[in-house]
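Asks: When we follow the working numbering, the leftmost residue of the sequence shown carries the number 247, and every step to the right adds one.
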Amino acid sequence: MSGTAQYVKDSEGNTTILALSKTNVGIGTTTPSVALEVAGMIKCQTLNVNGTLTVVGALNVTGTLAISGAQTTITNITDVRSAPTTAVFQTLLVDKNTGKLYAA
Numbered sequence: 247m248s249g250t251a252q253y254v255k256d257s258e259g260n261t262t263i264l265a266l267s268k269t270n271v272g273i274g275t276t277t278p279s280v281a282l283e284v285a286g287m288i289k290c291q292t293l294n295v296n297g298t299l300t301v302v303g304a305l306n307v308t309g310t311l312a313i314s315g316a317q318t319t320i321t322n323i324t325d326v327r328s329a330p331t332t333a334v335f336q337t338l339l340v341d342k343n344t345g346k347l348y349a350a
């Protein structure tokens, strides 16, 4: 492993942060596999992603979700036929000029 490891331990002596200069940084992990790896929840006011956002698992949005771009694609949408029999459906309309969704 190259770089200088700097460990931060919690009050019980568990390693909570590992910083490696010139390689990867881990928070809550001592073996980060990417530039910044966090083992646990991240809370922030604003998250700007320049590039690709990959979600493994569920994406829960409790506020407004705005999707825009010249080539916006949504894939892997569950077919309505696999919805539970108790599902209550609502129709969404897409404005082709603005890309905005409206409940019908």
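Cβ coordinates follow ideal geometry from the N, Cα and C atoms, glycine included.
Note that the coordinates shown come from a computational prediction; the quantities given were computed from them, not determined experimentally.
Out of Gln336, Asn270 and Ser314, state which residue places its alpha-carbon closest to the alpha-carbon of lysine 342.
Replies: Stepping through the sequence shown from its first residue, residue 342 is reached at position 96. Considering only alpha carbons, the answer is Ser314.
Asks: My output table needs one value for valine 326: the three-state DSSP class, helix, strand or coil.
Replies: Residue numbering aside, residue 326 sits at position 80 when the sequence shown is read from its first letter. Here valine 326 sits in helix by DSSP.
Asks: Less than 7 Å separating the beta-carbons of leucine 282 and valine 295?
Replies: Start at 1 with the first residue of the sequence shown, and residue 282 comes out as number 36. Start at 1 with the first residue of the sequence shown, and residue 295 comes out as number 49. No, these two residues do not count as a Cβ contact at 7 Å.
Asks: Are the CB atoms of threonine 261 and threonine 276 within a distance shorter than 7 Å?
Replies: In the sequence shown, residue 276 corresponds to position 30, counting from 1. In the sequence shown, residue 261 corresponds to position 15, counting from 1. Taking 7 Å as the Cβ cut-off, threonine 276 and threonine 261 qualify as a contacting pair.
Asks: Please state whether the Cβ-Cβ distance between alanine 350 and threonine 337 is less than 7 Å.
Replies: Mapped onto the sequence shown, residue 350 falls at position 104. Mapped onto the sequence shown, residue 337 falls at position 91. For alanine 350 and threonine 337, yes; Cβs fall inside 7 Å.
Asks: Return the residue from the list Thr344, Lys289 and Glu258 that minimises the CA-CA distance to threonine 318.
Replies: If you number the sequence shown from 1, residue 318 lands on position 72. Comparing Cα positions, the closest option is Thr344.
Asks: With valine 284 and isoleucine 273 assumed to form a contact (beta carbons below 8 Å), what rounded beta-carbon distance in angstroms separates them?
Replies: Taking the sequence shown and counting its residues from 1, one reaches residue 284 at position 38. Taking the sequence shown and counting its residues from 1, one reaches residue 273 at position 27. 5 Å between Cβ atoms; contact.
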